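Chemist:
Number of protein chains: 2
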Amino acid sequence: MANQPWQEAIKECQSIQENSVNKEWLLPADKIPSAEQLNVIDVPKTCGLLTAKELEITETSAGDMVKKMAAGEWTATEVVTSFLKRATIGQQLLNFATEFMTEDALARAAELDAHFKTTGKIVGPLHGVPISVKEHVGIKGRICHTGYVAWVKNIAPEDALLVKLLKNAGAIFHVRTNEPQSLMHLDCTNNIHGTTVNPWNRKLSPGGSSGGEGASLGFKCAALGIGTDIGGSIRAPAAFCGSYGFRPTALRNPYKGVILAGDGQESIKCVIGPLSNSLSDIELFQSTVLDQEPWDEETSLVPLPWKEVTPTKEFTVGILRDDGIVRPHPPITRGLEHAAQVLKAAGVKVVEWEPVDHSVGWEIVKPLYFPDGGACQRSILEESGEPIMPLTEWALDYGRQLTVAENWDLNVQREEYRARYHAAMKERGVDFILCPTYVGVAAELGTPHYWVYTAIWNILDQPAVIFPSGLHVDQELDKIETDYKPRNDVDKREYERYAPEKFVDAPIAYQLVGKHYKDEETIAAAKVIEEILKKA
Amino acid sequence: MANQPWQEAIKECQSIQENSVNKEWLLPADKIPSAEQLNVIDVPKTCGLLTAKELEITETSAGDMVKKMAAGEWTATEVVTSFLKRATIGQQLLNFATEFMTEDALARAAELDAHFKTTGKIVGPLHGVPISVKEHVGIKGRICHTGYVAWVKNIAPEDALLVKLLKNAGAIFHVRTNEPQSLMHLDCTNNIHGTTVNPWNRKLSPGGSSGGEGASLGFKCAALGIGTDIGGSIRAPAAFCGSYGFRPTALRNPYKGVILAGDGQESIKCVIGPLSNSLSDIELFQSTVLDQEPWDEETSLVPLPWKEVTPTKEFTVGILRDDGIVRPHPPITRGLEHAAQVLKAAGVKVVEWEPVDHSVGWEIVKPLYFPDGGACQRSILEESGEPIMPLTEWALDYGRQLTVAENWDLNVQREEYRARYHAAMKERGVDFILCPTYVGVAAELGTPHYWVYTAIWNILDQPAVIFPSGLHVDQELDKIETDYKPRNDVDKREYERYAPEKFVDAPIAYQLVGKHYKDEETIAAAKVIEEILKKA
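The listed protein sequences derive, respectively, from chains A and B. Residues in the first sequence are numbered from 19 upward in steps of one, following my numbering. Residues in the second sequence are numbered from 19 upward in steps of one, following my numbering.
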């Protein structure tokens, strides 16, 4: 039991959160949209607090931003200040940040500017690029509570390895972002910082567990973001918030210094990866990190540099419209049909992808999330006495206490399933699978219960990238399918949750999945597909 | 419980073993060395049963053998017949084989010869190369009992993936080899086929668990061999028998189709790799396998092709003379001192390697071998009612039933230990570690209890290659150190086991260890070292 009530324990974190906001950059009371205004995505443009240059900077890709700084057109200080200002508005409207690191960020920007002034050179490929980072990724000397009240005294002894490598390349970390209790929700609420909401529709979830990152990138509070993903935690936020996100193959990106309950669980590996506002920024992030050979410090990593892959449309895309368990909502179905038609018209080989027993895959991955029956997470929750949230209970119920031998048996099943899925892709000649990220465009707050559209690629350990379709929920085109007869209770639950008016303005995203270790090829193919869709 | 006495169950396997021997190739009674003749390594040369050409063939490296066949100088049939004849003598003297596959081998040789006759070309880089293979590596349609009486009805449904790839390259599998009960001895005896002995001294163990392979390569019954290694099972046999053996980094060589109790245990991975009679044959084996991209079938493998590495002597070797737990016997110490002096004289940078807490490493790996407390192995042994052998009990005692969370904790410790060892190598500027393979040159039968000199590299997952020093136990030079005071009970046990007269003629081997994933560099460095030693 806790020594003090949990409500006391969180005060320091809340105070850090509040006090780290620069009040000068807040929207004045008369500029704050009313609670009824759900879509706040354009507030930065309409509020008048950001200059035209600040708007331009925050809507520029990381890659282009670095070019501007390298050319001396923008300074790092200007860039970071622009993002800090926009992020402050984001915080007011979305509650996405756990902590701003304004002082450190501006000090580093000044250093970079001084370096550039003296040498005429940038320090690395991410010179001056502001990056937001999920709270449980260690930042030296700062609290890392990982969404648990019991851990509010936990200070990270050093930066996570990924953070170090990005800093080496010139990146600036200016804001840390929110995550759900236990980190096992596709939603974003905890007892310390409360609930983060979606910039496109504040009644909707930003996704999770990297929900603060989804909101951050969706609202353009950062040029790049860092999330983690064991069941969809990078991808759901990227999709829900209209940004980009990448789940790499496990053991490619350095994970050291991420603070997560249940360390040593290796049957399903949590991965770390980028969120962004373009596919080329994902490549920039990945190449910057892997060019530094992180495997020479984190020895479990695979020594595979990030390859340059020339995009070509000589590939076959399988369209997975429905996983056979839960039928996606109408906007998702429309988005996939749109892609199928446009790609075919552009000469890309498109086939239907019949899912390979996703229910079998889910029954393997589900118990592997908590093979100790969730005892580890429950004991941390009990330590502080904080209330267990409904979605935490929901996730912990996936598990039961397994014996070591039962865990082995699931590992064997997992390997067989991976081999079977890979063989199916080869047999059918499919290089990439284009599929939903979630049953719908975004979940209502507190409701993302269905993980299979993302988690299936975690058990398969296949790289998956999220990118926006450019389409949004349309009240006319995306009506309820009144004649649909749900196949099972889960399908019924998710079917009944849909009505177009609940999801006004929400963006429609795609998930593109490649084969194991074909990370570079997957991003390259997504670029080709996005290019074709943009031209259509 | 078994339906029939275990002594009945094994009869079919024994009959296969006996009947598969071509009686025409056996040594006649008057040529069989007496039981007192311990060293039988020269019998093939002295017995008169092999022609000069057959002797030449069986003493040629796989690489050179292929060149001869490619030039039309030797036929595959000649090559395979030569090895079958030599292996038959080996079987008489060493009991290393569980089964000859003479008919299949000769049929395949005839096919290869026909192909060469028609096309003038060899089928691949291992055209006509005879390979012996450890019994638990699946061969389609043949019994795979893995050293357990309970499994004598287990028929492999297909060839192991590694076997398939080697066959694709032209290799011929002519003999399957013995292994110990449970596969967890550094020795080679089971209740089905009995005991395999060492060709240099038949009172000594050939090592284990790939002991049949050690004997096979030591006696030159095959040009290449396949073993498996989770604690030293490729390396101890290679060292004890004076041949070469390679434990690659895990997840490089294809493991699919190896039949082992406890599948799904992933904390310490069993690896498969070659035994040979030269370092260049190890490279040939590895490149042949990895050039076929086995990761496109076995999806857990890392997609790293075998790199060509140019040997250079620009590296630093750390000499590990003593692991701080058990002091090696005098011949091992002499061998390492010899290498240190010769290498220094040749201008190689040699430093002393102070071991990084090998006792800590052993305490992590030991419980991970049997995190179910050995329940899996015990239940298989109970199923047939076969007697449990003392070395099986010894190994199973390493384990206790762990919870999943205890297993996680050991995984975390393992990762920390790996990172610490790697950091020490970097800090001290050491590229490779030259060290003992075992406390002594070989163990007496039934006595290999001390695994740490090999197992430490399993927990560290570092590549390790065994090669002979060219030296052998010398009754004058390798006297007992009478003034040595053992540091602990284990040290005392091993110290008291040594006397030069027990190990007459046994070869002295080296183990060279590289960094994680530096497999190619490790073999290349071993080649440089061997070349220098040969010239000295």
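Here a beta-carbon is modelled for each residue, glycine too, at the ideal position from N, C-alpha and C. Remember, predicted model here, so these are calculated numbers, not experimental data.
1) Given a limit of 8 Å on CB to CB distance, which residues of the region 413-438 of chain B reach chain A?
2) Cutting at 7 Å between CB atoms, please list the residues of its own chain near L361 of chain A, excluding the five before and the five after it.
3) Excluding five sequence neighbours on each side, which residues of the same chain lie with their C-beta closer than 8 Å to the C-beta of N37 of chain A?
4) Below 8 Å between beta carbons: does that hold for D537 of chain A and R270 of chain A?
5) Quick check on N216 of chain A: does DSSP put it in helix, strand or coil?
6) Less than 8 Å between the C-beta atoms of D523 of chain B and P349 of chain B, yes or no?
7) Within 10 angstroms of its Cβ, does Y273 of chain A collect 16 or more other Cβ (buried), or is it exposed?
8) Within 10 angstroms of its Cβ, does G90 of chain A collect 16 or more other Cβ (buried), or is it exposed?
9) Excluding sequence positions up to five away, which residues of its chain have a Cβ less than 8 Å from the Cβ of Q32 of chain B?
10) Going along the region 385-401 of chain B in order, which residues come within less than 8 Å of chain A, judged by CB to CB distance?
11) Would you decide whether Y456 of chain A is buried or exposed? Buried here means 16 or more other CB atoms lie within 10 Å of its CB.
12) Could you name the residues of chain B that Q283 of chain A contacts, counting a contact when the two beta carbons are closer than 7 Å?
13) Below 7 Å CB to CB, which residues in the same chain sit around R438 of chain B once its five sequence neighbours on both sides are set aside?
14) In chain order, what residues of the same chain have a beta carbon less than 7 Å from the beta carbon of G81 of chain A, not counting five sequence neighbours either side?
15) Based on Cα-Cα distance, which residue from A:N208, A:R432, A:G138 and A:A178 lies nearest to Q25 of chain A?
16) Indicate the three-state DSSP secondary structure (helix, strand or coil) for I161 of chain A in the structure shown.
17) Reducing DSSP to helix, strand and coil, say where P51 of chain A ends up.
18) For V136 of chain B, decide whether its Cβ has a neighbour in chain A, counting only Cβ atoms nearer than 8 Å.
19) With a threshold of 6 Å on Cβ separation, who are the neighbours of F148 of chain B within its own chain once the five nearest residues in sequence on each side are excluded?
20) Should K325 of chain B be labelled buried (16 or more other beta-carbon atoms within 10 Å of its own) or exposed?
21) Relative to the alpha-carbon of I290 of chain B, which residue among B:Y468, B:I252, B:L319 and B:I343 has its alpha-carbon at the smallest distance?
22) State buried or exposed for Y502 of chain B, treating a residue as buried only when at least 16 other CB atoms are found within 10 Å of its CB.
23) Tell me which residue opens and which closes the alpha helix (DSSP H) that I627 of chain A is part of.
24) Taking only the alpha-carbon atoms, compute the straight-line gap between T10 of chain B and L478 of chain B and give it to the nearest angstrom.
25) Quick one: what does DSSP say L45 of chain B is sitting in, helix, strand or coil?
26) Measuring only between beta-carbons, confirm whether V320 of chain B sits less than 8 Å from chain A.
27) With respect to the beta strand (DSSP E) encompassing E129 of chain B, which residues constitute its N-terminal and C-terminal limits?
28) Would G146 of chain A pass as a contact of A94 of chain A if the rule is Cβ separation under 8 Å?
29) Apart from the five residues just before and just after K63 of chain A, which ones in its own chain have a Cβ nearer than 7 Å to its Cβ?
30) Identify every run of the alpha helix (DSSP H) within the region 234-290 of chain A, keeping only runs that are complete inside it and at least 4 residues long; order them along the chain.
31) Whole beta strand (DSSP E) runs in the region 335-409 of chain A with 3 or more residues, listed along the chain?
32) Is R436 of chain B helix, strand or coil when you go by DSSP?
33) Could you give the first and the last residue of the continuous alpha helix (DSSP H) run that contains S100 of chain B?
34) What are the boundary residues of the beta strand (DSSP E) that F303 of chain B is part of?
35) List the endpoints of the continuous alpha helix (DSSP H) containing R511 of chain A.
36) With DSSP as the reference, label A480 of chain A as helix, strand or coil.
Modeler: If we stick to the structure as given:
1) Those residues of the region 413-438 of chain B that come within reach of chain A (Cβ to Cβ, closer than 8 Å) are Q419, L420, T421, V422, A423, N425, W426, D427, L428, N429, V430, E433, R436 and A437.
2) Leaving aside the five residues that flank L361 of chain A on each side, the residues in its chain whose CB is nearer than 7 Å to its CB run, in chain order, V335, V368, I547 and I550.
3) Apart from the 5 residues on each side of it in sequence, N37 of chain A has no Cβ closer than 8 Å to any other Cβ in its chain.
4) Cβ distance < 8 Å, so D537 of chain A and R270 of chain A count as in contact.
5) Assignment of N216 of chain A by DSSP, reduced to helix, strand and coil, places it in the strand class.
6) Cβ distance not < 8 Å, so D523 of chain B and P349 of chain B don't count as in contact.
7) Counting other Cβ atoms within 10 Å of its Cβ, Y273 of chain A reaches 16 or more and is therefore classed as buried.
8) Label assigned to G90 of chain A: exposed.
9) Closer than 8 Å at the Cβ level, and outside the excluded window around Q32 of chain B, lie I210 and H211.
10) With the criterion set as a beta carbon lying under 8 Å from some beta carbon of chain A, the members of the region 385-401 of chain B are P389, D390, A393 and C394, in sequence order.
11) When all chains shown are included, Y456 of chain A counts as buried.
12) Those are W426, listed as they occur along chain B.
13) Answer for R438 of chain B: V374, listed in chain order.
14) Only S298, D299 and L302 meet the Cβ criterion.
15) That would be A:N208, whose Cα lies nearest to the Cα of Q25 of chain A.
16) Assigned with DSSP and collapsed to three states, I161 of chain A falls in strand.
17) Looking at P51 of chain A - three-state DSSP - the assignment turns out to be coil, as it is neither helix nor strand.
18) Reading the sequence as shown, one finds Thr at residue 136 of chain B and not Val. Using a CB distance cut-off of 8 Å, T136 of chain B does not count as an interface residue toward chain A.
19) Residue identity check: residue 148 of chain B is Pro in the sequence provided, not Phe. Short of 6 Å from the beta carbon of P148 of chain B, and not among the five residues preceding or following it, lie these beta carbons of its own chain, in chain order: V98, F101, I190, H192, A240 and A241.
20) By the Cβ neighbour-count rule, K325 of chain B is exposed, with fewer than 16 other Cβ atoms within 10 Å of its own.
21) For I290 of chain B, the nearest C-alpha among the options comes from B:I252.
22) Residue environment analysis places Y502 of chain B among the exposed positions, since fewer than 16 neighbouring C-beta atoms fall within 10 angstroms of its C-beta.
23) A query on residue 627 of chain A cannot be resolved here, the shown segment of chain A reaching from 19 to 554 and no further.
24) Lying before the first or after the last residue shown, residue 10 of chain B is absent from chain B, which here runs from 19 to 554.
25) Coil at L45 of chain B, not helix or strand.
26) Taking Cβ atoms only, chain A reaches closer than 8 Å to V320 of chain B, which makes this a yes.
27) For E129 of chain B, no beta strand (DSSP E) run applies; the uninterrupted alpha helix (DSSP H) run containing it begins and ends at T120 to T137, by DSSP.
28) Closer than 8 Å, so yes.
29) Contacts found: L73.
30) Whole alpha helix (DSSP H) segments, 4+ residues: 253-258.
31) Whole beta strand (DSSP E) segments, 3+ residues: 367-370.
32) If DSSP states are grouped into helix, strand and coil, R436 of chain B belongs with the helices.
33) Residues A94 to L112.
34) Counting along the chain, F303 of chain B falls outside any beta strand (DSSP E), though it belongs to the alpha helix (DSSP H) covering L297 to L308.
35) Start and end: D507 to E514.
36) In the sequence as displayed, the identity of residue 480 of chain A is Gln instead of Ala. Here DSSP, grouped into helix, strand and coil, assigns Q480 of chain A to coil.
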